[in-house]
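1 is the number of the first residue of the sequence shown in the numbering used here; add one for each residue after it.
Note that CB positions come from ideal geometry on N, CA and C, so glycine has one too.
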Amino acid sequence: MRPQAVPDDRQRLPQVRAKRLEELDVLRLLDRALVQTEQAVRGLSPAMTEMCVQLKWN
């Protein structure tokens with residue numbers, strides 16, 4: 001066997017961490033896209049309705 005240079009395929013630790021974080025972000029975004037959100041909408045009280053109308057007209 002001839003002596004050969006060992007390839008330097010090692011990535012630095014911060015680069016590996018950054019890559020893993022990017023992959024996790026992509027997975028989280030995909031998960032969020034599949035989840036349907038439901039929001040409960042409350043009705044406004046008459047006093048709040050008047051305030052909203054007054055703000056729109058002023």
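What three-state label does DSSP hand residue i in the structure shown?
| i | result |
| --- | --- |
| residue 14 | helix |
| residue 42 | coil |
| residue 2 | coil |
What's the gap between the Cα of residue i and the Cα of residue j?
| i | j | result |
| --- | --- | --- |
| residue 17 | residue 5 | 27 angstroms |
| residue 3 | residue 23 | 38 angstroms |
| residue 14 | residue 29 | 22 angstroms |
| residue 40 | residue 25 | 28 angstroms |
| residue 27 | residue 21 | 10 angstroms |
Between residue i and the ligand NAP, is the CB less than 7 angstroms from at least one heavy atom?
| i | result |
| --- | --- |
| residue 13 | Of ligands this structure carries none, so the ligand NAP is not represented either. |
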